[in-house]
Amino acid sequence: MRSWPAPEVPRLSDAGLPAAARPLSLHDTGTGETRPTTPGETARMYVCGITPYDATHLGHANTYLAFDLVNRVWQDLGHRVHYVQNATDVDDPLLERAQQTGEDWRELADREIQLFRDDMTALRVLPPDQYIGAVEAIPLIVEMIEKLRGRDATYEVSGDVYFPIAADPAFGQVSGLPRDEMTALSAERGGDPGRPGKRDPLDALLWMAKRPGEPGWESPFGEGRPGWHVECSAISVEYLGMAFDVEGGGSDLAFPHHEMGASHAQVATGERPHARAYVHAGMVGLDGEKMSKSRGNLVFVSKLRQSGTDPMAIRLALLAHHYRADWEWTPAALDEAAARLGRWRAAVARPSGPPAAPLAAAVRDHLAGDLDAPAALAAVDAWAAAGGADEAAPAQARAIADALLGVTL
Ligand code: 5CA
Ligand code: ZN
Numbered sequence: 030m031r032s033w034p035a036p037e038v039p040r041l042s043d044a045g046l047p048a049a050a051r052p053l054s055l056h057d058t059g060t061g062e063t064r065p066t067t068p069g070e071t072a073r074m075y076v077c078g079i080t081p082y083d084a085t086h087l088g089h090a091n092t093y094l095a096f097d098l099v100n101r102v103w104q105d106l107g108h109r110v111h112y113v114q115n116a117t118d119v120d121d122p123l124l125e126r127a128q129q130t131g132e133d134w135r136e137l138a139d140r141e142i143q144l145f146r147d148d149m150t151a152l153r154v155l156p157p158d159q160y161i162g163a164v165e166a167i168p169l170i171v172e173m174i175e176k177l178r179g180r181d182a183t184y185e186v187s188g189d190v191y192f193p194i195a196a197d198p199a200f201g202q203v204s205g206l207p208r209d210e211m212t213a214l215s216a217e218r219g220g221d222p223g224r225p226g227k228r229d230p231l232d233a234l235l236w237m238a239k240r241p242g243e244p245g246w247e248s249p250f251g252e253g254r255p256g257w258h259v260e261c262s263a264i265s266v267e268y269l270g271m272a273f274d275v276e277g278g279g280s281d282l283a284f285p286h287h288e289m290g291a292s293h294a295q296v297a298t299g300e301r302p303h304a305r306a307y308v309h310a311g312m313v314g315l316d317g318e319k320m321s322k323s324r325g326n327l328v329f330v331s332k333l334r335q336s337g338t339d340p341m342a343i344r345l346a347l348l349a350h351h352y353r354a355d356w357e358w359t360p361a362a363l364d365e366a367a368a369r370l371g372r373w374r375a376a377v378a379r380p381s382g383p384p385a386a387p388l389a390a391a392v393r394d395h396l397a398g399d400l401d402a403p404a405a406l407a408a409v410d411a412w413a414a415a416g417g418a419d420e421a422a423p424a425q426a427r428a429i430a431d432a433l434l435g436v437t438l
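In the working numbering, the protein residues as written are 30 to 438.
As structure tokens, then:
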């Protein structure tokens, strides 16, 4: 599928600032530790994309902004970033929504993906190099299921194909959760732990035989459609290979989605790990509940844009929270962000300011330490509030906010 247009990213060396040095450390859910990422010349990142309906709400945007910072920090360190994202353009919840509204599921997905592209563009989120829909990835998915079958890591229940978690001795490495919690989360997040005939309640669906009235594709396992986890597993391995640097998403994806995806990939390829770090953003809530499509308590980026909100203020409102925090959206957060944006814009419009090299060092340092965006914003606040005679500083500060935080002033 088409990705979205890339915003310009200024190079801070072109603005007369020194090069970055400190590697990016990120919290890895798999080990529970914050560790330096160690990419080669090209850093490789996979971030789970939307299921295209009710997008883009501020929870989605918050998650994509977190990984946009990863991308920007790596680029500032001189890496090329190979970034891949999917869109789950065929799955139960999407088909259910299309059924409810009477819309064709493909039209619903196309429209929502375009809205998402427009929102990401407005928020200056760097686009993935490959933006891959589940439907277009079906041949890859089938290939991965074939590999699993070749390793005796599939079985059937009434024509549906399952992955036995017993095939992966490392199962549990991503979430580290006790079994009872895995079972509860599986039921909550699209799994079917109660289905009779499964060898293990946690075993994951790889291929679902075609149901009446639903779309299906021909495959060696019969006509049907892919399960959810194998979609991201197959796309990530195809485009990035194994042991890529970061797999990302919201914290609700740690189990079962990233756990299962890692298991599928590791059993199918006989290599490990799938990703070197599993990185998860916190959940944004509204009115005391996680913002989610099923609850319907959503604030949309596109609605805010339509009502005249500056996308840079939306960006600042989200970056004011640490990416791993769970937090509640309030309209006041947007007012505060707009006021901050105004102060920053006034500061870079001055003929001179305090030297910007210490600002670059501070912003880089905060972001390198597990993306402490709130501290990075506070460093820009302090620069903007101080006076100084450095005539190069306003343009340099503008470049810092743009390159590292994605905020154009
Ligand atoms: N298509 C799958 C991933 S393969 C999916 O989870 N789609 S989604 O549309 O439900 O979510 C897209 C991304 O936004 C996921 O990373 C998810 O973890 C994240 N997300 C969803 N709700 C929130 C929320 N309230 N706060 C923060 N992130 C959220
Ligand atoms: Zn995914």
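Glycine residues also receive a C-beta, built at the ideal position from the N, C-alpha and C atoms.
- Distances from the CB of Gly205 to the heavy atoms of the ligand ZN are all 7 Å or more.
- Excluding the 5 residues flanking it on each side, Val164 has same chain C-beta neighbours closer than 7 Å at Asp118, Val119, in chain order.
- Ranked by how close their Cα comes to the Cα of Gly69, the residues Glu62, Gly78, Leu53, Gly61 have Leu53 in first place.
- In this structure, Asp121 is the residue among Asp121, Gly382, Leu144 with its C-alpha nearest to the C-alpha of Arg240.
- Taking C-beta atoms as the reference points, Asp274 and Arg305 count as a pair closer than 8 Å.
- Excluding five sequence positions before and after Trp373, the CB atoms of its chain that fall closer than 7 Å to its own CB belong to Val409, Ala413, Ala430, Leu438, given in chain order.
- Leaving aside the five residues that flank Lys227 on each side, the residues in its chain whose CB is nearer than 7 Å to its CB run, in chain order, Val186, Tyr191.
- At the C-beta level, Asn115 and Met74 stay beyond 8 Å of one another.
- A distance criterion of 7 Å places the beta-carbon of His309 beyond contact range of the ligand ZN, judged by its closest non-hydrogen atom.
- Look at the beta carbons and you see the region 307 to 316 touching the region 353 to 364: at least three pairs across the two are nearer than 8 Å.
- The region 289 to 305 and the region 192 to 203 touch, with no fewer than 3 CB-CB distances between them shorter than 8 Å.
- Look at Gln159 here: in three-state DSSP terms it is strand.
- Check the Cα spacing between Glu357 and each of Leu434, Val328, Arg254, Gly337: the tightest is with Val328.
- In this structure, His395 has its beta carbon at no less than 7 Å from each heavy atom of the ligand ZN.
- Around the ligand ZN, the residues selected by a Cβ distance under 5 Å to any of its heavy atoms are Cys77, Cys261, following chain order.
- Contact annotation, Trp246 with Ile167: C-beta distance approximately 5 Å; criterion of less than 8 Å satisfied.
- Considered as a whole, the region 185 to 237 harbours 208 to 217 as its complete alpha helix (DSSP H) runs of no fewer than 4 residues, in chain order.
- A contact between stretches requires three or more CB pairs, one per stretch, nearer than 8 Å, and the region 75 to 82 fails this requirement with the region 414 to 429.
- Ranked by Cα distance from Pro383, the options Ala342, Leu396, Ala426 are led by Ala426.
- Distances from the alpha-carbon of Gly435 to those of Ala84, Leu155, Glu132 put Leu155 closest.
- Restricted to the region 37 to 124, the alpha helix (DSSP H) segments that are unbroken, complete and at least 4 residues in length are 87 to 105, listed in chain order.
- Of the other Cβ atoms in all chains shown, 16 or more fall within 10 Å of the Cβ of Pro255; this residue is therefore buried.
- Assignment of Val313 by DSSP, reduced to helix, strand and coil, places it in the strand class.
- Of the candidates Arg379, Arg208, Phe250, Phe250 places its Cα closest to the Cα of Met237.
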